[in-house]
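As given, the protein sequences belong to chains R and W, one line each in that order.
The C-terminal position of the first sequence is numbered 309 in the numbering used here, with every residue numbered one higher than the one before it.
The C-terminal position of the second sequence is numbered 1271 in the numbering used here, with every residue numbered one higher than the one before it.
Virtual Cβ for every residue (Gly too), placed ideally from N, Cα, C.
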Amino acid sequence: MTASTVTVAGRGVRSARPGRRPGQRLVWRNYLYLLPGFAFYAVFTLVPIVQTIRYSFYNWDGFTTATWVGLQNYIDAITDPVTRSTFGHSLIFIFFYAALPTAIGLLIVGIMNRVRIRFLTLFRTVLFLPQILATVVIAVAWRWMYAQDGPINAVLRLVGLGHFARAWLGDFATALPAVGLIGTWTMYGLCMVLFIGGVQKIPIELYEAARIDGAGALREFFAITLPGLRGEISIALVLTVTNALRNFDIIWNTTSGGPGTSTLVPSYLIYRGAFVTREVGAAAAASVLLTLLIFGITGALQTALRERK
Amino acid sequence: MIRSRSESIVGHVLLVIAALIAIYPFLAIIGQALRPAPGSHAVGVTLENFVSAWSRGGFSTSLLSSAFVAVVVVIITGVVGMLAGYGLSVLRLRWRGAIMGILLVGLVLPSEARIVPLYHMMQDLHLLNTYWALILPQVASSFSLATFWMANFFSSLPASLAEAASIDGAGSWRTLRHVYAPIGMNALATLSCLVFLYTWNEFMLALVLVPQNQTVQTAPLSLSFFAGNERNIEPEVIAAAAVLVALPVIIAYAFLQRRFMSGLLEGAIKE
């Protein structure tokens, strides 16, 4: 799938033409260089993927003999309202993890595309901080931010909006968006840094020409900045969407899917099914669905945003 | 020009706000960690929460475990990634396209896709709750990134490099050892930062594969268990524990921020 995932990782790889080098013969021994890494990859990634798919066709508690149930686990996953709601929550998280941070990043480059940013290194360093923190640390920090006596409620009381104060992660009405905003916080800095870097690669002549034509800031943004950032937007969306769809660590360490099932996500369901309620087949089917969803959405994004050559 | 100046001011104000929001939650828990816990006799700023977290949460062991796992994963991934990257970019392979396709799966694959069988595999191998249960799968999950990373770097080098070496009669192994590996050290260093970060922060694998052995638990896992027992532990001590877990990475980031940033931006696609 998704040839353009490689563009970042493997841009140059394709253009290399090893065939031209006289000394480099096509010999089987060359495969030895791949062998050690592939041994790890085959045993601990490829084999488990195949097994996950196999498990998904069985009814199995992890100990006793498994029974073949065909597509029943998938049918259950699609018809069970709780399972379905977890995928619905994932879509809402895509808004908070992907759409909102991308919009924030675009806003900043829309405003600043033609001014020199001062202290750029400092801003980049700080904006990037959420990217390097462990998700568990982020979760602990935000549990405090959202706590009954935490900073957010303190600010609300300070400005006289004390009646809005609540335990944000424990309230049916606010838990889902509250977790979502943790994702927005984690991702917007990355989007900003990516887009600010991308804008600098757009030829300045394009902006000069637009200005001579009398284009306003808004037209400039839609005619030059936005198309010029196609590649960066694609990277940002792929990254943020996959994070939104996985999102196990934050949920586990903040709400555990609660209150009720209001913040339950597929990853959490997979964990619970496989290791707590012992419905291994159902968990495997949910894994397959989640993986297909991630592959499908990232593939679609990259096809839609592929840079035209 | 006036329009440009007002844009500049508005833009910088927004950047400052964005930066403050990015750093505030972290500053807030540092502040909380430094405050005396209820029942403490300390006044003003105190470090006793850190002492308390360190001894009660077992973070001296789990930080060492994390460091050990991360360093071993970085070393093994670096070696196998450099070998495979060299093979894929410099040497001739008939099935190169197919191999890259298979590797690509590993770049996008979520842990969720393999966590269930991994657990049973480790159980059968009697490796649950050992370091190997963490090291082996994480080498596998970083292998794709490492290979693409090194292949990408090696193929950006001029082809004349390999030609010159082969004219001198060097075989592929000597060419790697004396020409490509030394030049690749810088790319390898950035890659290592990235793999270290991903391994240090990994949570789900640790939760599933080493939950019952306190001496093997990684720092994020210890923090999660520690913070989960909220009823017995003051929030100030949990905050201190969170700062302890974040600190090694923050220190590394402070010294190597350029590497981390370029690594994360270029390798962004890993997940």
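Rounded to whole angstroms, what's the CA-CA distance from Thr-184 of chain R to Ser-267 of chain R? Just pull it up for me. 19 Å
Answer yes or no: does any C-beta atom of chain R fall closer than 8 Å to that of Val-1216 of chain W? no
Skipping 5 residues on each side, what residues in its chain have a beta carbon closer than 6 Å to that of Ala-167 of chain R? Gln-148
For Pro-151 of chain R and Phe-1255 of chain W, what's the separation of their Cα atoms in angstroms? 30 Å
Proximal residues of chain W, C-beta to C-beta of Ile-132 of chain R below 7 Å: Leu-1197, Val-1249, Tyr-1253 and Phe-1260
Alpha carbon of Phe-1026 of chain W to alpha carbon of Val-126 of chain R, nearest angstrom: 11 Å
Using a Cβ-Cβ cut-off of less than 8 Å, list which residues of the segment 1128 to 1151 of chain W approach chain R; keep chain order. Leu-1136, Pro-1137, Val-1139, Ala-1140, Ser-1141, Phe-1143, Ser-1144, Leu-1145, Ala-1146, Thr-1147, Phe-1148, Trp-1149 and Ala-1151
Can you pull the chain W residues whose beta carbon is under 8 Å from the beta carbon of Arg-124 of chain R, in chain order? Met-1261
Label Ala-1227 of chain W either buried or exposed according to how many other C-beta atoms from any shown protein chain fall within 10 Å of its C-beta, with 16 as the threshold for buried. buried
Leaving aside the five residues before and after Ala-972 of chain W along the sequence, list all residues of the same chain whose C-beta is less than 8 Å from its C-beta, in chain order. With chain W covering only 1001 through 1271, there is no way to say anything about residue 972 of chain W.
Trp-68 of chain R - partner residues in DSSP beta bridges: R:Tyr-58
What does Gly-1011 of chain W reach in chain R if we use C-beta pairs closer than 8 Å? Ile-108, Ile-111, Met-112, Val-115 and Ile-117
I'd like to check one pair, Leu-161 of chain R with Ser-234 of chain R: are the Cβ atoms closer than 8 Å? no
So with CB distances below 7 Å, who are the chain W contacts of Ile-94 of chain R? The contacting residues do not exist; Ile-94 of chain R stays about 14 Å from chain W at best.
Taking only the alpha-carbon atoms, compute the straight-line gap between Leu-301 of chain R and Ile-94 of chain R and give it to the nearest angstrom. 13 Å
Taking C-beta to C-beta, are Leu-229 of chain R and Phe-195 of chain R nearer than 8 Å? yes
Should Pro-1158 of chain W go down as buried or exposed, given a rule of 16 or more other Cβ atoms within 10 Å for buried? exposed
I think Val-69 of chain R touches Phe-57 of chain R, with their Cβ atoms under 8 Å apart; what is that distance to the nearest whole Å? 7 Å
For the segment 241 to 269 of chain R, which residues have a CB atom closer than 8 Å to at least one CB atom of chain W, in sequence order? Thr-242, Asn-243, Leu-245, Arg-246, Phe-248, Asp-249, Trp-252, Asn-253, Pro-266 and Ser-267
If you measure from the beta carbon of Gly-198 of chain R to each beta carbon in chain W, is any gap under 8 Å? no
Which whole runs of the alpha helix (DSSP H) in the segment 189 to 228 of chain R are 4 residues long or more, in chain order? 204 to 212 and 217 to 220
Could you check if Gly-1039 of chain W is buried or exposed, using at least 16 other CB atoms within 10 Å of its CB as the buried criterion? exposed
Given a cut-off of 8 Å, decide if Val-137 of chain R and Ala-1242 of chain W are closer than it, judged by their beta-carbon atoms. yes
Tell me whether Gln-1217 of chain W is buried or exposed, calling it buried when 16 or more other Cβ atoms sit within 10 Å of its Cβ. buried
Name the chain R residues that come within less than 7 Å of Tyr-1086 of chain W, Cβ to Cβ? Tyr-33
Environment of Asp-249 of chain R [buried if 16+ CB atoms lie within 10 Å]: buried
Candidates W:Phe-1154, W:Asn-1213 and W:Arg-1259: which alpha carbon is nearest Leu-1091 of chain W's? W:Phe-1154
Expressed to the nearest angstrom, what Euclidean distance is found between the alpha-carbon atoms of Thr-64 of chain R and Gln-72 of chain R? 19 Å
Among residues of its own chain, excluding the 5 on either side of Ala-1133 of chain W, which ones have a beta-carbon nearer than 7 Å to its beta-carbon? Met-1122, Leu-1127, Leu-1209 and Val-1210
On a Cα-Cα basis, can you pick out the residue from W:Gly-1058, W:Met-1204 and W:Ile-1099 that is closest to Tyr-31 of chain R? W:Ile-1099
Chain W contacts made by the segment 40 to 66 of chain R, where a contact means CB separation under 8 Å: Phe-40, Tyr-41, Val-43, Phe-44, Thr-45, Leu-46, Val-47, Pro-48, Ile-49, Gln-51, Thr-52, Tyr-55 and Gly-62
Under 7 Å from the C-beta of Leu-290 of chain R: neighbouring residues of chain W: Pro-1110 and Glu-1112
So, are the CB atoms of Phe-1068 of chain W and Ser-1222 of chain W less than 8 Å apart? no
If we define contact as Cβ-Cβ less than 8 Å, is Ile-224 of chain R a contact residue for chain W? no
Since Thr-52 of chain R and Ala-1113 of chain W are thought to touch, with beta carbons under 8 Å apart, how far apart are those beta carbons, to the nearest angstrom? 6 Å
Could you check whether the Cβ of Ala-287 of chain R sits closer than 8 Å to any Cβ belonging to chain W? With the sequence shown as reference, residue 287 of chain R is identified as Ser, and Ala is not the correct amino acid for it. Yes, its Cβ sits closer than 8 Å to a Cβ of chain W.
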